[in-house]
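Remarks on the structure that follows.
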Amino acid sequence: DIQTTQSPSSLSASVGDRVTISCRASQSIDIYLNWYQQKPGKAPKLLIYAASTLQSGVPSRFSGSGSGTDFTLTISSLQPEDFATYYCQQSYNIPWTFGLGTNVEIK
Amino acid sequence: EVQLVESGGGLVKPGGSLRLSCAASGFTFSHAWMTWVRQGPGKGLEWVGRIKSNLDGGTTDYAAPMRGRFTISRDDSTNTLYLQMNSLKTEDTAVYYCTTVRGPGRVNYFDYWGQGALVTVSS
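Protein chains in written order, with the working numbering: chain A, 58 to 164; chain H, 3 to 125.
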């Protein structure tokens, strides 16, 4: 199975900060990496698919990059509604797998 | 508007069975690949399994911990997705989400999610 390792597991940031979250795959997965945001008590929400394609309706402050084994989710200017947990997910091979998540907290 | 509504969750004893349903609307269900994702209390997301559309063969795949115990099926006549769970274990306690699967080839992502159904396995 392909493992996806996120870092950091949590971070504290302030409104307006630039935030980057990393996801590393245990083998090359080309661009088959998606990002989700989850707020407490809510279902996850798709942010980015195929490493860098912004899902419709998602603010442009979110961006994704990377290919192969190393990927990054960037929030260019953190907003109050962005405090949440973020997950990466690979779709290169079944079983599809998620990272353990990165909790973005208010500093 | 796409809607996915799960039902059938509840409390079940270890070794028992439960069937979850997911009522879909707002899109052409018969053309859609669907998946179940679960989240244990205080834990991250875990992919459970996927079913292709009947147009694409209707085949299923499962994560290893669920294989042989869980079965995903669909009824395109009623736009309903099912998850039959047998031989339940305490570690199956989780919120179970149904999702749509989009994308060509390996570009598979989960774009719509239900609100989730809580399954508690406890004696």
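Each residue gets a CB set at the ideal place from its N, CA and C atoms; glycine is no exception. Quantities reported herein were computed from a predicted structural model and do not represent experimental measurements.
Residue i at chain A interface by Cβ criterion, 9 Å
i, result
"ARG52 of chain H", "yes"
"GLY42 of chain H", "no"
"TRP35 of chain H", "no"
"GLN117 of chain H", "yes"
"TRP49 of chain H", "yes"
Buried or exposed (CB count within 10 angstroms, at least 16 for buried), residue i
i, result
"ILE88 of chain A", "buried"
"LEU90 of chain A", "buried"
"ASP58 of chain A", "exposed"
"PRO101 of chain A", "buried"
"LEU47 of chain H", "buried"
Any chain H beta carbon closer than 9 Å to residue i
i, result
"ILE59 of chain A", "no"
"GLY158 of chain A", "yes"
"SER120 of chain A", "no"
"PHE155 of chain A", "yes"
"ASP127 of chain A", "no"
"ILE88 of chain A", "yes"
Chain-order list of residues whose beta-carbon lies under 7 Å from that of residue i (same chain, five-residue window excluded)
i, result
"TYR111 of chain H", "ARG104, GLY105"
"PRO137 of chain A", "VAL72"
"GLY18 of chain H", "LEU90"
"ASN150 of chain A", "ILE59"
Same chain, Cβ closer than 8 Å to residue i, neighbours up to 5 away in sequence not counted
i, result
"TYR66 of chain A", "In the sequence on display, residue 66 of chain A carries Ser and not Tyr. Excluding residues within five positions, the ones whose Cβ falls inside 8 Å are LEU157, GLY158, THR159, ASN160."
Contacts around residue i, its chain only, beta-carbon distance under 6 Å, and the 5 residues preceding and following it disregarded
i, result
"ASP94 of chain H", "VAL123"
Residue of the options minimising C-alpha distance to residue i
i, options, result
"TYR93 of chain A", "A:ILE86, A:PRO152, A:ILE132", "A:ILE132"
"PHE119 of chain A", "A:ARG75, A:TYR149, A:THR62", "A:ARG75"
"ASP139 of chain A", "A:PHE128, A:LYS164, A:ILE151", "A:LYS164"
"TRP153 of chain A", "H:THR30, H:LEU13, H:GLY51", "H:GLY51"
"VAL4 of chain H", "H:SER23, H:VAL14, H:THR30", "H:THR30"
"ASN88 of chain H", "H:THR101, H:HIS33, H:VAL121, H:SER27", "H:VAL121"
"VAL97 of chain H", "H:VAL7, H:LEU6, H:GLY11", "H:GLY11"
"VAL7 of chain H", "H:GLY107, H:SER125, H:ASN81, H:GLY42", "H:ASN81"
One or two residues paired with residue i in a DSSP bridge
i, result
"THR73 of chain H", "H:GLN86"
"THR61 of chain H", "THR61 of chain H pairs with nothing; no bridge assigned."
"TRP38 of chain H", "H:GLY51, H:CYS100"
"PHE112 of chain H", "H:VAL103"
"TRP153 of chain A", "According to DSSP, TRP153 of chain A bridges with nothing at all."
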